[in-house]
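Using UniProt numbering, you'd call the opening residue of the sequence shown number 1 and step up by one each time. Glycine included, every Cβ here is placed at the ideal spot set by N, Cα and C. For reference, the structure discussed in these notes is given below.
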Amino acid sequence: MTCISFLFSRRGKYARNHGFDVEDEVSGIHDVKLYTYKEIRIATEEFSPANKIGEGGFGSVYKGRLKDGKLAAIKVLSAESKQGVKEFLTEIDVISKIEHENLVKLYGCCVEGNHRILVYNYLENNSLAQTLLGGGHNNSNIQFDWRTRFRICIGVARGLAFLHEEVRPYIVHRDIKASNILLDKDLTPKISDFGLAKLIPSNMTHVSTRVAGTIGYLAPEYAIRGQLTRKADIYSFGVLLVEIVSGRCNTNTRLPVEEQYLLERTWELYERRELVGLVDTALNGDFDAEEACRFMKVGLLCTQDAPKLRPSMSTVVKMLTGEIEVYDSKITKPGLITDFMDLKVRGPQKTTKPQTKYNDMMSSYNLPSASDKLDSSTLTSESSAAATVTTFTSPYDQSIETKEFSV
Ligand SMILES: Nc1ncnc2c1ncn2[C@@H]1O[C@H](COP(=O)(O)OP(=O)(O)OP(=O)(O)O)[C@@H](O)[C@H]1O
């Protein structure tokens with residue numbers, strides 16, 4: 001663990017000097033295998049387009065076969081981004097030291113000249129965003145029956161409980177979402193993409209940080225004040241849980257207005273005691289209704305407005321498996337970022353219509369599905385007197401940076 005703090009303090013120095021001595025930094029990490037660029041070129045057949053399996057905020061991802069015969073997913077950091085170098089180091093730092101059935105495994109990396117490459121265990125069945133939530137636009141023939149979804153939800157919950165409660169310093173992932181849950185050949189879920197993760201010493205209640213994450217999964221208190229605790233991941237997990245049970249993305253502007261925001265819809269149906277109506281129709285009624293409704297109630301608990309009302313991940317695991325009961329009396333309206341936008345936008349301007357700004361923002365992002373990329377690069381929303389400047393920046397994804405607050 002000393003290795004981690006050593007690494008971070010050195011990183012600060014390099015950052016101030018406008019550069020990262022990446023090779024130097026990587027050599028400070030002992031548990032990671034270093035691949036040569038030649039090995040990577042051979043594994044990916046010279047980065048053949050036929051082997052390209054994805055594109056993320058980080059750069060391109062290729063499938064490759066390593067010298068020892070193992071299949072690997074090879075993430076090539078695009079050359080331009082400084083931000084990417086930081087994330088590259090974070091990712092190595094965080095996952096080279098931990099191992100769990102529900103976390104993606106890093107085999108090693110390549111840092112030669114300008115090349116920054118991460119090498120992972122190859123996972124055969126893509127991400128939940130591309131398969132379960134792919135809306136028929138995917139090549140997957142996976143049948144997400146109720147048992148499979150049950151196992152996936154519990155697997156992700158266990159992976160997160162491990163990060164939050166079993167490693168020291170504990171880790172907040174910060175970007176739990178459907179595209180970061182990969183599935184292996186047995187459909188065991190693996191949490192991936194640790195580029196935004198934060199290591200939080202146990203004597204600190206939270207860290208204040210620039211907000212980064214994905215719209216639709218962000219806990220309101222984190223989006224508003226930038227206060228990061230494990231509860232922000234738990235909120236994102238709650239959103240993901242409801243997505244898995246319902247088979248719907250958290251935001252879908254193609255649906256009728258009252259159904260566009262999944263969490264709002266979940267709360268509405270919960271209040272009407274009609275939660276079962278939200279379960280994915282693709283299951284053709286073949287599911288355990290008691291379990292499915294319990295899962296959605298846990299989703300509501302995880303997304304409660306007050307972070308302290310959200311259960312810890314180990315409690316979530318027990319609620320999902322039925323070891324701990326989920327009491328209706330504990331469930332109140334979830335924290336919705338739509339409400340936060342109302343509040344902020346209304347401010348002293350009493351005439352501003354509730355939700356207008358948020359809806360405008362969402363439609364200008366044109367978010368039909370969680371896996372879609374943005375094409376607008378920056379959108380700024382300013383509420384007049386409060387001098388609140390919320391900048392939504394997205395070179396590649398739906399990331400939010402909140403620059404200033406006055407709540
Ligand atoms: N270990 C892996 N095994 C198989 N496929 C992978 C693996 N890692 C990534 N991929 C594929 O590459 C795609 C891009 O992954 P990456 O983590 O770079 O970006 P992302 O999570 O989709 O988006 P973002 O970086 O914007 O959050 C994934 O959606 C997945 O299809």
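Report task. Kindly indicate which residue of 115, 75 and 236 has the alpha-carbon position closest to the one of residue 307. Result -> Stepping through the sequence shown from its first residue, residue 307 is reached at position 307. Of the candidates 115, 75 and 236, the one whose C-alpha sits nearest the C-alpha of residue 307 is 236.
Query raised in the report: Below 8 Å between beta carbons: does that hold for residue 40 and residue 92?
Result: Within the sequence shown, numbered from 1, the residue matching residue 40 stands at position 40. Within the sequence shown, numbered from 1, the residue matching residue 92 stands at position 92. No, they are not a contact pair.
Query raised in the report: On the premise that residue 163 lies in contact with residue 173, defined as a C-beta separation below 8 Å, what is that separation, rounded to the nearest angstrom?
Result: Locating residue 173 in the sequence shown gives position 173, where the first residue counts as 1. Locating residue 163 in the sequence shown gives position 163, where the first residue counts as 1. Yes, they are in contact, since the Cβ atoms of residue 173 and residue 163 sit about 6 Å apart, within 8 Å.
Query raised in the report: Would you call the stretch 61-72 and the stretch 108-124 in contact, with 3 or more CB pairs under 8 Å?
Result: yes
Query raised in the report: Cα separation between residue 333 and residue 304?
Result: Walking along the sequence shown from the start, residue 333 turns up at place 333. Walking along the sequence shown from the start, residue 304 turns up at place 304. Computed Cα separation, rounded: 7 Å.
**Report entry** Sequence-distant residues of the same chain with beta carbon closer than 8 Å to residue 331, five excluded per side
**Finding:** The residue labelled residue 331 in the question sits at position 331 within the sequence shown. The answer, listed in chain order, is 270, 297, 300, 301 and 304.
Query raised in the report: Counting pairs of beta carbons, one from the stretch 246-256 and one from the stretch 310-321, are three or more of them closer than 8 Å?
Result: no
Query - Among 62, 97 and 240, nearest to residue 33 - alpha-carbon criterion - result: Position 33 of the sequence shown holds residue 33. It is 97 whose Cα lies nearest to the Cα of residue 33.
Query raised in the report: Going by the beta-carbon positions, is the gap between residue 245 and residue 149 smaller than 8 Å?
Result: Locating residue 245 in the sequence shown gives position 245, counting from the first residue. Locating residue 149 in the sequence shown gives position 149, counting from the first residue. Result yes, Cβ atoms of residue 245 and residue 149 sit closer than 8 Å.
Report task. Tell me the start and end of each unbroken alpha helix (DSSP H) in the stretch 71-146 that is at least 4 residues and wholly inside, in chain order. Result -> 82-95
Report task. Please classify residue 172: does DSSP put it in a helix, a strand, or coil? Result -> The count along the sequence shown starts at 1 and reaches residue 172 at position 172. Three-state DSSP puts residue 172 in a strand.
Query - Inter-residue spacing [alpha-carbon to alpha-carbon] between residue 49 and residue 76 - result: On the sequence shown, residue 49 is found 49 positions in, with the first residue counted as 1. On the sequence shown, residue 76 is found 76 positions in, with the first residue counted as 1. In a straight line, the C-alpha of residue 49 is about 13 Å away from that of residue 76.
Query - residue 226, DSSP secondary structure in three states - result: As a working mapping, residue 226 is identified with position 226 in the sequence shown. Note: residue 226 maps to coil in three-state DSSP.
Query raised in the report: Which of the three DSSP states, helix, strand or coil, is assigned to residue 372?
Result: Along the sequence shown, one-based indexing puts residue 372 at 372. Confidence at residue 372 is low in this model, with a pLDDT of 29, below 50, so its placement is unreliable and no value can be given for it.
Query raised in the report: What does residue 36 pair with, by DSSP beta-bridge criteria?
Result: Position 36 of the sequence shown, counted from the first residue, corresponds to residue 36. Paired residue(s): none; residue 36 is not in a bridge.
Requested in this report: Identify every residue that forms a DSSP beta bridge with residue 182.
Outcome: On the sequence shown, position 182 is the one that residue 182 refers to. The partner list for residue 182 (beta bridge, DSSP) reads 127 and 190.
Requested in this report: Figure out for me which residue from 60, 78 and 45 has the closest Cα to the Cα of residue 66.
Outcome: Along the sequence shown, read from residue 1 onward, the residue named residue 66 stands at position 66. Measuring from the Cα of residue 66, the nearest candidate turns out to be 45.
Query raised in the report: Roughly how many angstroms lie between the CA atoms of residue 185 and residue 127, to the nearest whole one?
Result: Along the sequence shown, read from residue 1 onward, the residue named residue 185 stands at position 185. Along the sequence shown, read from residue 1 onward, the residue named residue 127 stands at position 127. Distance between the alpha carbons of residue 185 and residue 127: 12 Å.
Requested in this report: Pick helix, strand or coil for residue 53, following the three-state DSSP scheme.
Outcome: For the purposes of this step, residue 53 is taken as residue 53 along the sequence shown, with counting starting at 1. In this structure, residue 53 counts as strand in the three-state DSSP scheme.
Query raised in the report: Hey, how far is the Cα of residue 99 from the Cα of residue 171?
Result: Position 99 of the sequence shown, counted from the start, is the residue given in the question as residue 99. Position 171 of the sequence shown, counted from the start, is the residue given in the question as residue 171. Spanning the two alpha carbons is a distance of roughly 13 Å.
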